[in-house]
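Using the working numbering, the first residue of the sequence shown is number 206, and each one after it goes up by one.
Report on the structure given below.
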Amino acid sequence: MMKIRVYTAKRCPNCKILKEFLAAEGVAYEEVDMTTVDALTELRMQGIFTFVAPILQAGSTFLTAKELFRSDGDGELQKDKVEELLNIIE
């Protein structure tokens with residue numbers, strides 16, 4: 206099974222939503238503070254240039270906050286995208 210990482214930031218309500226969803230699905234993940242220099246460097250080296258948390262990584266695939274949450278005003282987690290990514294790696 207590929208490693209799953211969640212890049213987070215303090216006081217990030219969407220990070221909490223994503224982590225709670227993953228926990229409810231029984232998905233093990235590593236949490237990384239994306240505000241550190243090391244995490245930002247790692248993300249940049251992978252072609253991820255956003256400063257907005259959370260970012261979900263599964264193997265070499267990344268979903269940014271823009272891809273994870275609806276932008277139509279309700280900010281709802283797009284669970285189908287997360288499930289699709291997780292099905293790829295299971």
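Heads up, the beta-carbon is just placed ideally off N, CA and C, and yes, glycines get one too.
Predicted model only: the values in this text are computed from it and were never measured.
Residue burial annotation: Gln251 is exposed, with fewer than 16 other C-beta atoms found within 10 angstroms of its C-beta. A straight-line Cα-Cα distance of about 8 angstroms links Lys284 and Leu273. Per the coordinates, the alpha-carbon of Asn292 lies some 26 angstroms from the alpha-carbon of Phe254.
When DSSP states are grouped into helix, strand and coil, Phe254 belongs to the coil group. Cβ contact annotation for Val211 (same chain, cutoff 8 angstroms, sequence separation greater than five): Cys220, Leu223, Lys224, Leu227, Tyr234, Glu235, Glu236, Val237, Pro259, Ile260, Leu261 and Gln262, in chain order.
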